[in-house]
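S.K.: Please see the structure below; I have some questions.
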Amino acid sequence: MTDHLTKKQRSSNMSRIRSKDTAPEVAVRKKLHSLGFRFRLHDRKITGNPDIIMKKYMAALFVHGCFWHQHEGCRFASLPKSNRRYWLPKLEKNKQRDQKTLETLKENGWKTAVVWECETKKAEDLNKAVDNIIRQLGESSA
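Under UniProt numbering, the final residue of the sequence shown carries the number 142; numbering is consecutive throughout.
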């Protein structure tokens, strides 16, 4: 299937897809900050360029979009009906890259956590996700 957009139109569309400072990521950051946690953002020196880095805890946090990272069992992770020959390998590569990144970070002594986009839509789900992160850090307060 050929692309019905010109190269310039496709480039313009793709440039609008944000990879940082997304609404789910900002929600997680605000919640962590309100609990007294301090962190850095998007450190390219750390494998996988985590969304949130908490060096004090050796923790790398990722806030994944359910579609782009194919959150299993999530209604937001449905595959597009058109152009599946393009989307299936692309999304599978994303999942494999994510898994390899988490493994590498753990091998290097980092604690890792993934917060899914769907976990940030309701306040109670966001609270649970952040509580899980705090539990993984082994800290009840900052």
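In this text, a Cβ means the ideal position worked out from N, Cα and C, and glycines have one as well.
Below 7 Å between beta carbons: does that hold for residue 71 and residue 110?
M.R.: Numbered from its first residue, the sequence shown carries residue 71 at position 71. Numbered from its first residue, the sequence shown carries residue 110 at position 110. Cβ atoms of residue 71 and residue 110: not closer than 7 Å.
S.K.: Quick check for students: name the residue ranges of the beta strand (DSSP E) that lie wholly in the segment 11–82, counting only runs of 3 or more.
M.R.: 52–54 and 59–64
S.K.: At the level of alpha carbons, what is the spacing between residue 64 and residue 4?
M.R.: Working through the sequence shown from its first residue, we reach residue 64 at position 64. Working through the sequence shown from its first residue, we reach residue 4 at position 4. Across the structure, residue 64 and residue 4 are spaced so that their CA atoms are roughly 29 Å apart.
S.K.: Going along the chain, which residues of its own chain have a beta-carbon closer than 8 Å to the beta-carbon of residue 20, five neighbours each way excluded?
M.R.: In the sequence shown, the residue the question calls residue 20 occupies position 20. Here the set comprises 41, 42 and 51.
S.K.: Which residue's Cα is closest to the Cα of residue 99: 88, 86, 87 and 113?
M.R.: Here the question's residue 99 lines up with position 99 in the sequence shown. Selected option, being the one with the closest Cα: 113.
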